[in-house]
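Working notes, beginning with the structure itself.
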Amino acid sequence: GDSVTQMEGPVTLSEEAFLTINCTYTATGYPSLFWYVQYPGEGLQLLLKATKADDKGSNKGFEATYRKETTSFHLEKGSVQVSDSAVYFCALWPYSNYQLIWGAGTKLIIKP
Amino acid sequence: DAGVIQSPRHEVTEMGQEVTLRCKPISGHDYLFWYRQTMMRGLELLIYFNNNVPIDDSGMPEDRFSAKMPNASFSTLKIQPSEPRDSAVYFCASSLLGGPTRYEQYFGPGTRLTVT
């Protein structure tokens, strides 16, 4: 079945460091891919999305490129801030139904 | 828009008691989702509705759990009787199939349930 695999956390970085959070997926067809972010004490919110191969989603300095050949959607940011500390979820929408398939989440801790 | 509204934000109850969680989706949205989040199991989809009709409840853990959506602006998730292992954060989310945001689920702030 469809699945999403994320790198385990927590990921701890210093402020202004480069961030990569890996996400790979298994799906039939051509799913849409997403990154959601959950700040402490809050619900999840969409960070960025890509709906077809080679699309690049971007928002708030974060980017991710839909790579069909490697079935990946890695999240990157060039210079992280303390305020980026949160849990990041990779997800896919397989089109076969209306459920999102979620990764386990990766906790990001940014130290000043 | 006020976003997805959930109540209560926190609930502490004793084992065996009935618990009812409430959700008001964003006006005009036609899908509603109930999730449960724990450290051990992560984010789990419990059930989702389309136009107030339950579509998939395969994630509901046991018969102790039930969910209803009597109208487009209100849904409940009930646990009866509650058990300590039900302690978790429960999220409600809504979405709209049509339009540019069709992929996006809008989450409420969650209800933190503690069963002692």
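Chains D and R supply the protein sequences, listed in that same order. In case it helps, the working numbering puts the first sequence at residues 1 to 112. In case it helps, the working numbering puts the second sequence at residues 1001 to 1116. Ideal placement from N, C-alpha and C gives every residue a C-beta, glycine not left out. Computed from a predicted structure; not experimentally measured.
Query raised in the report: Any idea if glutamate 1011 of chain R is buried or exposed, counting beta-carbon neighbours within 10 angstroms, 16 or more meaning buried?
Result: buried
Query - Any C-beta of chain D under 7 Å from that of glutamate 1011 of chain R - result: no
Requested in this report: In the DSSP assignment, find the unbroken beta strand (DSSP E) run with arginine 1022 of chain R in it and report its ends.
Outcome: 1019-1024
Query - At least three beta-carbon pairs within less than 8 Å, the region 76-91 of chain D to the region 6-24 of chain D - result: yes
**Report entry** Pick from R:Leu1096, R:Tyr1048, R:Pro1109 that is closest to histidine 1029 of chain R, judged by C-alpha positions
**Finding:** R:Leu1096
Query raised in the report: glycine 1108 of chain R: which of D:Gly61, D:Gln45, D:Lys60, D:Tyr98 sits nearest, CA to CA?
Result: Answer by Cα proximity: D:Gln45.
**Report entry** tryptophan 35 of chain D at chain R interface by Cβ criterion, 7 Å
**Finding:** no
Query - Classification of glutamate 1104 of chain R by the beta-carbon crowding that lies within 10 angstroms, buried from 16 upward - result: Residue burial is scored here from C-beta neighbours: glutamate 1104 of chain R has at least 16 other C-beta atoms within 10 angstroms and is therefore classed as buried.
Requested in this report: Give every residue of the same chain whose Cβ lies closer than 8 Å to the Cβ of glutamate 1018 of chain R, excluding the five residues on either side of it in the sequence, and list them in chain order.
Outcome: Within the same chain, glutamate 1018 of chain R has close Cβ partners Lys1078, Ile1079, Gln1080, Pro1081, Ser1082.
Report task. Can you give me the Cβ contacts of proline 1008 of chain R inside the same chain, cut-off strictly under 7 Å, excluding the 5 residues immediately before and after it? Result -> So the qualifying residues of the chain are Thr1111.
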